[in-house]
Structure formats: structure tokens, C-alpha cells
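Here is the structure we will look at, set down as C-alpha cells.
In the working numbering, the protein residues as written are 126 to 509.
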């Protein structure tokens, strides 16, 4: 079974490795980067979530990353019929629940990560985004964006055309346009990104696949009533993902950081199952870190003790935490057969664990063999 992951989540790896000033990174960036690292190590059938309309090849550093991990995250060919049904569902959502989407937008803009996320995108990724997706927001969703933002379609259409112009986007990044124009484009960009999240969700449901969303899209996603399954992530697994990320950030320039991250992930992806390493919970943070570091050393993963400590300290400062559980929730109408659920262990990255399931059973890779639905993460605060 394929698992979709949205490009916004993948982009966070590019953002967090852009420089070594981790104070510029957000909680969204860290959570997405740790999750992506863990998912790539474990999941073998990942695909990039399709866009509502035809998209062009990725360029710039995102293009480099996309090509470099094509063996781990592939692309799919958009099914026009399924795509239209997902798009129609998205438009219907806005028509019937405009105030609900407005509330979701307000929730996103109120998040502590939003301002930095928007600023980073504007300065570093908007040109690539516009080139790949034809503008900073979706042309086919302008009527819906208009209803949500209460901005005339005519004005949004004009700003969409502007957002297809690279020189104009450069002016946006330098704050060289009027405050009103800047506000319109920023809100349209954010609203469109939210609606694409709903579209991705609908498409995955229609093709009966799994999907991973960027954290900012959570407010717009419909609540699922189907049964949930939880898959615990041990403290060793979490710290191995942090070690892989820290080893990449330690490199001297952006491209080397990205290359190191890709190389580290690939070594873990291949090496962990073939060596049958024990990834069980350890009784303390120090033992878990050392166990993960030993595994990394055996796999020839580039590590940096200084940066491991620094990344952990920044995570604590941001209250970003780490993955404690992956939750797979099925699409509506799913009925799980007898024996599908697994017993779960309690999880505390800093404390003792009473393990009730085997090391093999609780690994994230088990999700692949379950059922279609949305994969979300629950986070545990790292101990100081």
C-alpha cells in the first residue's frame, strides 16, 4: 500500500538544513524533519501527494532532493477522474463550511510557528513553488479563496498573475510591495495551502491509500470516526532520527547537509532491518542516546556529538518534543477485523518502560501492512 507525504513536509528538511542557526527553525520544522527522517527509515512505499492540477518538475534545492530520494519517495501520475472528484469535494467543503475554513485559517495564523514559516517560505521557497505549481496559490481554487478571505475574485486573479512572475516574488521577499498587496498574497498562499491539504486527504481516501500531512494542515482535516491504531516509537528510534539530523546539520554548507541527511537516512533504511538491531526502549535518555549512537556508528552514519546535544537543547527550548506514537486512523467506513489491533506500550522517553509488545511489532514499518488512512504523530516533550 502506498503512503502519500505532502511536499510541505519534505520542504522542512531543506529549511532546517539551510544554515546552522537552528533558532530560525520552528516547531513545525523540527517535528516534520524528525517525522520525515523516521518515516523514510521505516516506510518503503512512499509517494509525493499529487497536486490539484498538473505540476512541473521540481527545481532548485528541492529538485535536487526530489531526484536524490526518488528511490525512497516516488511520484504518482494524477488520475484525472479521481483528481476532479477530490477537487469537487474541496470546493464543496468551502461552499458548505466557509466559516469553518475561516476558523482553521485563523488557527494556523495564530500558531507560534506561522510567522517564521511564512517568512522562510517567502525568502527561500516561493520562487520554486511558483515555478512548480504555476503561481503561489491555485488558480482553480480562486473562487473558494475569495469566499474564505472575502476578497473579490478579480483582485485575486490579478495577484495570482503577479505571483507567477519571478521578479515580483523577489520584490515580495524584500518587502518591496504595498502592505495591502503583501497581505492579500500571504493570506491567499496560506489558504490555498490549507485547501490543498484537504484535497490531498480526499485523494488519498478515494484511492484507498495512507497519507502524512504537514502539521499546519491539521485544522482543516475532517475528524475521522474510524478505529485508530497506535504504533509506539521507542526512545532509541527517536534519538537515532535526531542523530541523523544533527549529523547533517554539522556539515559546512547547505548542499552537503542535505546530501549527508540523505546518505544517513539511506544507511539506516537499509542497515537496521538487515542487521536486526534492537530498537527497544531504554530506561533513561543517556542510555537511549548512547544506544542510538552505537547503532549509527555500526551503520557508518555521520554523527556529531556537539550537534546532537545542540539539537536536543533546541528541541527542549521550543517545546517541540519528539515522536512518541504514530497513529493510523482509517478512512470512514473501515471495519477492522478480529486481531488487527496490537497491544501498545506506555511511552516515556525519559522514564522506565513496561514493554508489552515485541520489538518487531511496534516498529513503524508495521503500518504499511495495516490499512488505508491518515498517519498522524503524537509528541512527547523531551526531558531536560
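Quick reminder that beta carbons are idealized off the backbone N, C-alpha and C, glycines included.
Since we're looking at a predicted model, the values are computed, not measured.
Checklist entry - Applying the criterion that 16 or more other CB atoms from any shown protein chain within 10 Å of the CB defines a buried residue, is residue 176 buried or exposed? => result As a working mapping, residue 176 is identified with position 51 in the chain shown. So residue 176 counts as buried.
Item to check | 8 Å CB neighbourhood of residue 303 in its chain, flanking five on each side removed | outcome: Along the chain shown, one-based indexing puts residue 303 at 178. Counting only Cβ-Cβ distances below 8 Å, and skipping sequence neighbours, we find nothing.
Checklist entry - Opposite residue 355 in the DSSP bridges: which residues? => result Translated into the one-based positions of the chain shown, residue 355 becomes position 230. Paired residue(s): 452.
Item to check | residue 474 versus residue 405 - alpha carbon distance | outcome: Taking the first residue of the chain shown as 1, we reach residue 474 at position 349. Taking the first residue of the chain shown as 1, we reach residue 405 at position 280. Bear in mind that a pLDDT of 32 at residue 474, under 50, signals an unreliable position, so the model cannot answer this.
Item to check | Counted within 10 angstroms of its Cβ, other Cβ atoms place residue 382 as buried (16 or more) or exposed | outcome: Taking the first residue of the chain shown as position 1, residue 382 is located at position 257. Buried is the call here.
Checklist entry - Comparing alpha-carbon positions, which option in 127, 197 and 298 lies nearest residue 565? => result Residue 565 falls outside the range modelled here, since the chain spans only 126 to 509, and no answer is possible.
Checklist entry - Thinking just about the alpha-carbon of each residue, which of 227, 397 and 249 is nearest to the one in residue 138? => result For this step, residue 138 is matched to residue 13 along the chain shown. With distances taken between Cα atoms, residue 138 lies closest to 249.
Checklist entry - Any idea what DSSP makes of residue 194, helix, strand or coil? => result In the chain shown, the residue the question calls residue 194 occupies position 69. Three-state result, residue 194: coil.
Item to check | Member of 290, 133, 256 and 174 whose CA lies at the smallest distance from the CA of residue 182 | outcome: Translated into positions along the chain shown, residue 182 becomes position 57. For the residues 290, 133, 256 and 174, the minimum Cα distance to residue 182 belongs to 256.
Checklist entry - In the DSSP assignment, what residue or residues form a beta bridge with residue 161? => result On the chain shown, position 36 is the one that residue 161 refers to. Looking at the DSSP assignment, residue 161 forms no beta bridge with any residue, so it has no partner.
Checklist entry - The alpha helix (DSSP H) spanning residue 394 covers which residue range? => result In the chain shown, residue 394 corresponds to position 269, counting from 1. Counting along the chain, the alpha helix (DSSP H) containing residue 394 begins and ends at 379 to 400.
Item to check | Cβ pair count under 8 Å reaching 3, the segment 310 to 324 against the segment 332 to 344 | outcome: With the rule of 3 Cβ pairs closer than 8 Å, the segment 310 to 324 counts as touching the segment 332 to 344.
Next on the checklist: Could you give the first and the last residue of the continuous alpha helix (DSSP H) run that contains residue 498?
Outcome noted: As a working note, residue 498 is residue 373 in the chain shown. Counted as a single uninterrupted DSSP element, the stretch harbouring residue 498 is not any alpha helix (DSSP H) but the beta strand (DSSP E) occupying residues 498 to 505.
Checklist entry - What are the partner residues of residue 171, as DSSP defines its beta bridges? => result Position 46 of the chain shown holds residue 171. Answer is 128 and 198.
Next on the checklist: Judging by CA-CA distance, which residue of 214, 205, 285 and 243 is the nearest neighbour of residue 140?
Outcome noted: Looking up residue 140 in the chain shown gives position 15. Taking only the C-alpha atoms, the option nearest residue 140 is 243.
Checklist entry - Between residue 369 and residue 421, is the Cβ-Cβ spacing less than 9 Å? => result Taking the chain shown and counting its residues from 1, one reaches residue 369 at position 244. Taking the chain shown and counting its residues from 1, one reaches residue 421 at position 296. Residue 421 is positioned such that its CB atom lies closer than 9 Å to that of residue 369.
Next on the checklist: Can you list, in chain order, the residues of its chain with a C-beta nearer than 7 Å to that of residue 485? Leave out the 5 residues immediately preceding and following it.
Outcome noted: Residue mapping note: residue 485 aligns to position 360 of the chain shown, counting from 1. Because residue 485 carries a pLDDT of 42, less than 50, the predicted location of this residue cannot be relied on, and no value is offered for it.
Checklist entry - Taking one C-beta from the segment 266 to 274 and one from the segment 209 to 228 each time, how about it: are there three or more such pairs within less than 8 Å? => result By the criterion of at least three beta-carbon pairs nearer than 8 Å, the segment 266 to 274 is in contact with the segment 209 to 228.
Checklist entry - beta strand (DSSP E) containing residue 336: first to last residue? => result By one-based count along the chain shown, residue 336 stands at place 211. Segment 335 to 337, the beta strand (DSSP E) holding residue 336.
Checklist entry - Straight-line CA distance for residue 275 to residue 307? => result Taking the chain shown and counting its residues from 1, the one referred to as residue 275 is at position 150. Taking the chain shown and counting its residues from 1, the one referred to as residue 307 is at position 182. Computed Cα separation, rounded: 16 Å.
Checklist entry - Which of the three DSSP states, helix, strand or coil, is assigned to residue 140? => result One-based indexing of the chain shown puts residue 140 at position 15. Residue 140: helix per DSSP, three-state reduction.
Checklist entry - Is the Cβ-Cβ distance between residue 427 and residue 144 less than 9 Å? => result Residue numbering aside, residue 427 sits at position 302 when the chain shown is read from its first letter. Residue numbering aside, residue 144 sits at position 19 when the chain shown is read from its first letter. No, the Cβ-Cβ distance between residue 427 and residue 144 is not below 9 Å.
Item to check | Chain-order list of residues whose beta-carbon lies under 8 Å from that of residue 277 (same chain, five-residue window excluded) | outcome: Along the chain shown, one-based indexing puts residue 277 at 152. Taken in chain order, the residues that qualify are 271.
Checklist entry - By Cβ distance, which residues of its chain are closer than 6 Å to residue 298, with the 5 residues on each side in sequence left out? => result By one-based count along the chain shown, residue 298 stands at place 173. Cβ within range, chain order: 247 and 248.
Item to check | Residue nearest to residue 194 in terms of C-alpha spacing, selected from 228, 216, 458 and 135 | outcome: Position 69 of the chain shown, counted from the start, is the residue given in the question as residue 194. Nearest neighbour of residue 194 by Cα position, chosen from 228, 216, 458 and 135, turns out to be 135.
Next on the checklist: Less than 9 Å between the beta carbons of residue 281 and residue 293, yes or no?
Outcome noted: The residue labelled residue 281 in the question sits at position 156 within the chain shown. The residue labelled residue 293 in the question sits at position 168 within the chain shown. Here residue 281 is not near residue 293, since their CB atoms are 9 Å or more apart.
Next on the checklist: Let me check understanding here. Comparing Cα to Cα, which of 330, 150 and 436 lies closest to residue 455?
Outcome noted: In the chain shown, the residue the question calls residue 455 occupies position 330. Of 330, 150 and 436, the residue nearest in Cα terms is 330.
Checklist entry - With DSSP run on the structure shown, which of helix, strand or coil describes residue 375? => result The residue given as residue 375 occupies position 250 in the chain shown. DSSP places residue 375 outside both helix and strand once states are collapsed to three, so it counts as coil.
Item to check | Own chain residues within Cβ distance below 6 Å of residue 384, not counting five before or after | outcome: Looking up residue 384 in the chain shown gives position 259. There are no such residues.
Checklist entry - Using a Cβ-Cβ cut-off of 6 Å (strictly less than) and excluding sequence neighbours within five positions of residue 232, which residues of its own chain qualify? => result In the chain shown, residue 232 corresponds to position 107, counting from 1. Excluding residues within five positions, the ones whose Cβ falls inside 6 Å are 344.
Checklist entry - Given a threshold of 16 other Cβ atoms within 10 Å of its Cβ, counted over all protein chains shown, does residue 224 qualify as buried or as exposed? => result Here residue 224 is taken as the residue at index 99 of the chain shown, counted from 1. With a 10 Å radius around the Cβ and a threshold of 16 neighbouring Cβ atoms, residue 224 comes out exposed.
Checklist entry - Do you know how far the Cα of residue 209 is from the Cα of residue 159? => result Counting from one through the chain shown, the residue named residue 159 turns up at place 34. Counting from one through the chain shown, the residue named residue 209 turns up at place 84. Cα atoms of residue 159 and residue 209: separation of roughly 33 Å, rounded to the nearest angstrom.
Item to check | Span of the alpha helix (DSSP H), counted from its first residue to its last, around residue 282 | outcome: The count along the chain shown starts at 1 and reaches residue 282 at position 157. Counting along the chain, residue 282 sits inside the alpha helix (DSSP H) bounded by residues 278 to 288.
Checklist entry - Could you check where the alpha helix (DSSP H) with residue 271 kicks off and where it finishes? => result To locate residue 271, count along the chain shown from 1; it is residue 146. Run containing residue 271: 267 to 274, per the alpha helix (DSSP H) assignment.
Next on the checklist: Among 258, 301 and 214, whose alpha-carbon lies nearest the alpha-carbon of residue 289?
Outcome noted: The residue given as residue 289 occupies position 164 in the chain shown. Among 258, 301 and 214, the Cα nearest to that of residue 289 is on 258.
Checklist entry - Which one of 245, 153 and 148 has the shortest CA to CA distance from residue 338? => result The residue you call residue 338 lines up with position 213 of the chain shown. Considering only alpha carbons, the answer is 153.
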